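Here the structure is laid out as structure tokens; the discussion comes afterwards.
Shown next as structure tokens:
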């Protein structure tokens, strides 16, 4: 916690200094504002301030008007959508292509590799998902996001290289086999068939040498790591950044100061459009946009990747046909998938660049993202019984979420936090669908 | 503490089992299992592909429906109607098991699944937004996990 705070503060300071010149937002005011952003309970020494709550009346930054802030917000949302598109597209196409590569490595004879890969990633996500989530909570947002982007895409690129190696190796053995076939098998359909079968068998066996096994393990581990990191990045962006961004204008505009406190209202289940400027509408619009990107990518990315693979595959078949007679290309798997693997790797490199720049720009244009609230802070740093209902509500929710009562004492801390939330049942219902 | 270890393991196992059951026993999506089932029922690959595309398009429509709905009623109400609607649609799919006519049965099954996509995504976004609004900052990452369905 201490290291987080000390590592986090210079980052935000440096960011503010660099931003000061060209931003539409008055940032120096924000630095002052952040100190009593916590509704009085955070002292000046408190290293991390939440942007969750509304600012005090009169803390208005005079440099930026509401339209400017809204414009900044819209710009940030566009960048967020762009980043999300690249993230989703690269992830979906990678997953799709990897399945095909793994099937091709067994020459479409076995689903063994596909199922082991599925098992590995599933286990990794189940076991490490919570750890990644708490990492998102504890770390400075930009550092976490950059780390996720770098690590994930690096893993994927390494894994595509492993795939490239494996596939070209496999293709090499196939071409040797084909040469043998064409030289030994003079004619006769049945003889060709048996030879083809033996070729597929030997290909599976030759794959089982030490370096191939090592590469396959590498693909499994890297793929699982990339999947976990991708989940972490998605959670960070979709669930955390978006919420902070939605409250950005509310936090910094005085027109809303007269309106009832947003958090209190929600906890009383009081629904209404007058809570804030229209942060809920903004939030739902953003959610809809991101979900649309999700769904379109699920359709588009496999289609494009499949088209790409078919393109490479056809060319391979064509060259094989020129060398050999027709069906040998089909028998050899006909695939020069290794170049498709390279293309997927390049897509991921492109996604890395785009996501990195987008997140950096968003982080700089929305200064609230620099302030972080720890769950430990929720528990520890509120010794005084504050008159503000916010704190009490927050304390209650966190206390309830970690209370070891009843059957919950058998669960892990993460599960207790999960069940302590109001939306737990709805979330479980969603997960069951 | 070690006394509780078997119980903890038990809960983890139960949890995993539950997730797996729920994950693989539903035929909500046009996933591998449903595709296999439809092929087994004698459906062509082209038809399956076309319906898969249609169900994706309907899923995209669901996001627009959510937008329309949340502007007119509360988030909770949106979530409620969407999940009930989805339940009704899937009941239609379930009812297709008791129809003797193969063609009619398949139509019922697929229509139910395609129509339920709207409810699924509306519910998904509604719950996501509820989580975003109600959960305090510090525990958000721990609290969220990505939903398993595709």
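Protein chains in written order, with our numbering: chain W, 10 to 442; chain U, 136 to 285.
The C-beta atom is built at its ideal place from N, Cα and C for all residues, glycine as well.
Treat the numbers as computed from the prediction; the structure is a model and nothing was measured.
Task: The alpha helix (DSSP H) enclosing residue 135 of chain W, as first and last residue numbers - done: Counting from 1 along the first chain, the entry for residue 135 of chain W is found at position 126. Segment 121 to 147, the alpha helix (DSSP H) holding residue 135 of chain W.
- [ ] Give the DSSP-derived three-state secondary structure of residue 289 of chain W in the structure shown.
- [x] Here the question's residue 289 of chain W lines up with position 280 in the first chain. Three-state DSSP puts residue 289 of chain W in a helix.
Task: Cutoff 8 Å; reference residue 235 of chain U; Cβ partners in own chain excluding five residues on either side - done: Counting from one through the second chain, the residue named residue 235 of chain U turns up at place 100. Excluding positions up to five away in sequence, the list is empty.
TODO: Mark residue 218 of chain W as exposed unless 16 or more other C-beta atoms lie within 10 angstroms of its C-beta, in which case mark it buried.
DONE: As a first step, residue 218 of chain W must be located in the first chain, where it is residue number 209. Flag for residue 218 of chain W reads exposed.
Task: For residue 117 of chain W, the three-state DSSP class (helix, strand or coil) - done: Position 108 of the first chain, counting from 1, holds the residue named residue 117 of chain W. If DSSP states are grouped into helix, strand and coil, residue 117 of chain W belongs with coil.
TODO: Return the chain-ordered list of same chain residues with a C-beta closer than 7 Å to the C-beta of residue 473 of chain W, the five sequence neighbours on each side being excluded.
DONE: Nothing about residue 473 of chain W can be read from this structure; chain W reaches only from 10 to 442.
Task: Spatial neighbours of residue 122 of chain W in its chain, beta-carbon cut-off 8 Å, leaving aside the 5 residues before and after - done: In the first chain, counting from the first residue as 1, residue 122 of chain W sits at position 113. Within the same chain, and ignoring the five residues on either side of residue 122 of chain W in sequence, the residues whose Cβ sits closer than 8 Å to its Cβ are 111, 112, 114, 115, 225.
TODO: Use the C-beta contact count for residue 287 of chain U: other C-beta atoms within 10 angstroms, 16 or more gives buried, fewer gives exposed.
DONE: Nothing about residue 287 of chain U can be reported from this structure: the residues present for chain U run from 136 to 285 only.
Task: Simplified DSSP assignment, three categories, for residue 254 of chain W - done: For the purposes of this step, residue 254 of chain W is taken as the residue at position 245 of the first chain. Here residue 254 of chain W sits in helix by DSSP.
- [ ] Return the residue from the list U:202, U:186, U:180 that minimises the CA-CA distance to residue 259 of chain U.
- [x] On the second chain, position 124 is the one that residue 259 of chain U refers to. Cα-wise, what sits closest to residue 259 of chain U is U:202.
Open item on the list: Excluding the 5 residues flanking residue 193 of chain U on each side, which residues of the same chain have their C-beta closer than 8 Å to its C-beta?
Closed with: Translated into positions along the second chain, residue 193 of chain U becomes position 58. Counting only Cβ-Cβ distances below 8 Å, and skipping sequence neighbours, we find 249, 250, 252, 253.
TODO: Measure the Cβ-Cβ separation of residue 310 of chain W and residue 96 of chain W and say whether it is below 8 Å.
DONE: For the purposes of this step, residue 310 of chain W is taken as the residue at position 301 of the first chain. For the purposes of this step, residue 96 of chain W is taken as the residue at position 87 of the first chain. Not a contact, by the Cβ cut-off of 8 Å.
- [ ] Closer than 7 Å by beta-carbon distance: list the chain U residues that pair up with residue 118 of chain W, in chain order.
- [x] As a working note, residue 118 of chain W is residue 109 in the first chain. Ordered by position in chain U, no residue passes the 7 Å Cβ test against residue 118 of chain W, which lies about 18 Å from the chain.
- [ ] Using a Cβ cut-off of 8 Å, pull out every chain W residue sitting near residue 198 of chain U, in sequence order please.
- [x] The sequence position of residue 198 of chain U within the second chain is 63, counting from 1. In chain order: 297, 300, 301, 304.
- [ ] Out of U:206, U:212, U:244, U:207, point me to the one whose CA is closest to residue 224 of chain U's CA.
- [x] Indexing the second chain from 1 puts residue 224 of chain U at position 89. With distances taken between Cα atoms, residue 224 of chain U lies closest to U:244.
Task: Collapsed DSSP secondary structure at residue 177 of chain U in the structure displayed - done: Here residue 177 of chain U corresponds to residue number 42 of the second chain, with the count starting at 1. In the structure shown, residue 177 of chain U sits in coil (DSSP, three-state: anything other than H, G, I, E or B).
TODO: Run down chain U in chain order and give the residues with a C-beta less than 8 Å from the C-beta of residue 292 of chain W.
DONE: What you label residue 292 of chain W is simply residue 283 of the first chain in a count that begins at 1. Below the 8 Å Cβ cutoff, chain U contributes 264, 267, 268 as neighbours of residue 292 of chain W, in chain order.
Open item on the list: I'd like the list of long-range same chain contacts for residue 165 of chain U, defined as Cβ closer than 6 Å, with 5 residues on each side in sequence excluded.
Closed with: Along the second chain, one-based indexing puts residue 165 of chain U at 30. Hits under 6 Å: 187, 190.
TODO: Would you list, in chain order, the members of the stretch 344 to 377 of chain W that have their beta-carbon closer than 7 Å to a beta-carbon of chain U?
DONE: Taking 7 Å as the Cβ-Cβ cut-off against chain U, none of the residues of the stretch 344 to 377 of chain W qualify.
Open item on the list: Judging by CA-CA distance, which residue of W:375, W:141, W:137, W:287 is the nearest neighbour of residue 257 of chain W?
Closed with: Taking the first chain and counting its residues from 1, the one referred to as residue 257 of chain W is at position 248. Checking every option, the nearest Cα to that of residue 257 of chain W belongs to W:375.
Open item on the list: Would you say residue 203 of chain U lies against chain W (beta-carbon separation less than 8 Å)?
Closed with: Looking up residue 203 of chain U in the second chain gives position 68. Judged by the 8 Å Cβ criterion, residue 203 of chain U is not in contact with chain W.
- [ ] Please specify which runs of the beta strand (DSSP E), each continuous and at least 3 residues long, are wholly inside the stretch 203 to 271 of chain U, giving them in chain order.
- [x] none
Task: Continuous alpha helix (DSSP H) stretch holding residue 245 of chain W: start and end - done: Taking the first residue of the first chain as 1, we reach residue 245 of chain W at position 236. Run containing residue 245 of chain W: none; DSSP gives neither H nor E here.
Task: Contact check, residue 252 of chain W vs residue 267 of chain U, beta carbons under 8 Å - done: As a first step, residue 252 of chain W is located in the first chain; it is residue number 243 there, counting from the start. As a first step, residue 267 of chain U is located in the second chain; it is residue number 132 there, counting from the start. Yes, they are a contact pair.
Open item on the list: For the pair the stretch 292 to 310 of chain W and the stretch 234 to 254 of chain W, tell me if three or more CB-CB distances fall below 8 Å.
Closed with: yes
TODO: Kindly list, in the order they appear in chain U, the residues whose Cβ is closer than 7 Å to that of residue 252 of chain W.
DONE: By 1-based counting over the first chain, the position of residue 252 of chain W is 243. Here the neighbours are 267.
Task: Contacts that residue 256 of chain U makes with chain A (C-beta to C-beta distance below 7 Å) - done: This model lacks chain A altogether, as its protein chains are W and U.
TODO: Could you name the residues of chain U that residue 308 of chain W contacts, counting a contact when the two beta carbons are closer than 8 Å?
DONE: Within the first chain, residue 308 of chain W is the residue found at index 299, counting from 1. Per Cβ cutoff of 8 Å: 188, 191.
- [ ] Please name the residue in U:261, U:264, U:257 whose C-alpha comes closest to that of residue 196 of chain U.
- [x] Walking along the second chain from the start, residue 196 of chain U turns up at place 61. For the residues U:261, U:264, U:257, the minimum Cα distance to residue 196 of chain U belongs to U:257.
Task: Cβ-based neighbour list, residue 313 of chain W, same chain, cut-off 8 Å, excluding 5 preceding and 5 following - done: For this step, residue 313 of chain W is matched to residue 304 along the first chain. Excluding residues within five positions, the ones whose Cβ falls inside 8 Å are 102.
TODO: Please classify residue 165 of chain U: does DSSP put it in a helix, a strand, or coil?
DONE: For the purposes of this step, residue 165 of chain U is taken as residue 30 along the second chain, with counting starting at 1. Coil.
Open item on the list: Using a Cβ-Cβ cutoff of less than 8 Å, which residues in the same chain neighbour residue 269 of chain U once the five nearest sequence positions on both sides are dropped?
Closed with: Residue mapping note: residue 269 of chain U aligns to position 134 of the second chain, counting from 1. Result list for residue 269 of chain U: empty, nothing under 8 Å.
- [ ] Please name the residue, chosen from W:235, W:308, W:222, that lies closest to residue 137 of chain W on a Cα-to-Cα basis.
- [x] Counted from its first residue, the first chain places residue 137 of chain W at position 128. It is W:235.
Task: Within chain W, the residues that residue 194 of chain U reaches when beta carbons sit closer than 7 Å - done: Residue mapping note: residue 194 of chain U aligns to position 59 of the second chain, counting from 1. Simply 304.
- [ ] Note down, in chain order, every chain W residue with its Cβ under 9 Å from the Cβ of residue 248 of chain U.
- [x] Position 113 of the second chain, counted from the start, is the residue given in the question as residue 248 of chain U. Here the premise fails: no neighbours, minimum Cβ distance about 12 Å.
Open item on the list: Is there a C-beta anywhere in chain W that falls below 8 Å from the one on residue 168 of chain U?
Closed with: To locate residue 168 of chain U, count along the second chain from 1; it is residue 33. False, the Cβ-Cβ gap to chain W never drops below 8 Å.
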